[in-house]
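Mapped onto the working numbering, the consecutive letters of the sequence shown carry residue numbers 184 to 348.
Cβ coordinates follow ideal geometry from the N, Cα and C atoms, glycine included.
Computed from a predicted model, the values in this text were never measured in an experiment.
Shown next, in structure tokens, is the structure this report addresses.
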Amino acid sequence: MNTLRTAACAAIIVLSSLGAGAADLRIDPATDKPKPDLSAKPRTGKASFYAKFFGGRTMADGTPMRLDGDNAASRTLPLGTVARVTNLSTGQSALVTIRDRGPYVQGRIVDLSPATARQIGITPKLGLAMVEVAPIKVPLPGGGVRWGDVAEVARAEGDGPVRDQ
Numbered sequence: 184m185n186t187l188r189t190a191a192c193a194a195i196i197v198l199s200s201l202g203a204g205a206a207d208l209r210i211d212p213a214t215d216k217p218k219p220d221l222s223a224k225p226r227t228g229k230a231s232f233y234a235k236f237f238g239g240r241t242m243a244d245g246t247p248m249r250l251d252g253d254n255a256a257s258r259t260l261p262l263g264t265v266a267r268v269t270n271l272s273t274g275q276s277a278l279v280t281i282r283d284r285g286p287y288v289q290g291r292i293v294d295l296s297p298a299t300a301r302q303i304g305i306t307p308k309l310g311l312a313m314v315e316v317a318p319i320k321v322p323l324p325g326g327g328v329r330w331g332d333v334a335e336v337a338r339a340e341g342d343g344p345v346r347d348q
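Written as structure tokens, this is what we have:
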């Protein structure tokens, strides 16, 4: 009986330590408020994608989340930002519009719709990928716009070579 209790206590300690590690990776949106990124400079980091149960839910900009849309979430880019997200492993890219806040996990810089994730080669089996997020059009507080890299703007408007087709 003592052996069973000891094993149970050990299992609880291991499980609680695993849970604590996962909780440490979560970001609390109530206490962690990053500074808005208005620079229009490319950034690299991990991308993840929305789970299906988020489909139809209201995003930060008030629109419903479309699983097949170009919507994405960023904690630092302003809502309405148009950006090119490129999977660094595959070279595939897609245009997204930042409509939501998140991801709330350390090390991730963007959440994508499942359709966009598939388009750039992120599968449910992979779940994550290293990406570059290159802002093309960043809305500024006062109504102005900051444009990203000229080559990215040209590619977005169809005036340059696009790698994602």
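Between T227 and A317, what straight-line distance do the alpha-carbon atoms span, to the nearest angstrom?
-> One C-alpha to the other measures close to 9 Å.
Is it buried or exposed for T269, if we count other Cβ within 10 angstroms and need 16 for buried?
-> Around the Cβ of T269, a 10 Å sphere holds 16 or more other Cβ atoms; the residue is buried.
Give the range of the alpha helix (DSSP H) segment to which T299 is assigned.
-> Looking at the DSSP string, the run of the alpha helix (DSSP H) that includes T299 is 297-302.
Count the CB pairs spanning the region 214-234 and the region 291-305 that are closer than 8 Å, and state whether there are at least three.
-> Three or more beta-carbon pairs separated by less than 8 Å link the region 214-234 to the region 291-305, which places the two stretches in contact.
For A256, does the three-state DSSP call read helix, strand or coil?
-> Note: A256 maps to strand in three-state DSSP.
Bridge partners of T269, per DSSP?
-> T269 is bridged to S276, E315.
Can you give the Cα-Cα distance for V288 and T259, rounded to whole angstroms?
-> Our two residues, V288 and T259, have alpha carbons roughly 13 Å apart in a direct line.
Alpha-carbon spacing of S296 relative to D283, whole angstroms = Separation of S296 and D283 (C-alpha to C-alpha, rounded to the nearest whole angstrom) is 11 Å.
Distance between G325 and S272 (C-alpha atoms, nearest Å) | Rounded to the nearest angstrom, the two C-alpha atoms are 37 Å apart.
Would you mind reading off the limits of the beta strand (DSSP E) that contains G228?
-> Taken as a continuous stretch (DSSP letters only), the beta strand (DSSP E) holding G228 covers 226-232.
Alpha carbon of Q275 to alpha carbon of V293, nearest angstrom | Taking the CA atoms as reference points, Q275 sits about 16 Å from V293.
I319 to R267, Cα distance in whole Å?
-> Spanning the alpha carbons of I319 and R267 requires a straight line of approximately 7 Å.
What distance in whole Å lies between the Cβ atoms of G252 and I281, which are believed to be in contact at a cut-off of 8 Å?
-> Going by Cβ atoms, the distance from I281 to G252 rounds to 12 Å, so no, they are not a contact pair.
What distance in whole Å lies between the Cβ atoms of V321 and P261, which are believed to be in contact at a cut-off of 8 Å?
-> With a Cβ gap of about 6 Å, P261 and V321 count as contacting.
Rank R338, K235, S222, G290 by C-alpha distance to the C-alpha of L278 and give the top, closest one.
-> In this structure, R338 is the residue among R338, K235, S222, G290 with its C-alpha nearest to the C-alpha of L278.
Taking only the alpha-carbon atoms, compute the straight-line gap between D220 and I210 and give it to the nearest angstrom.
-> Going from the Cα of D220 to the Cα of I210 covers about 18 Å.
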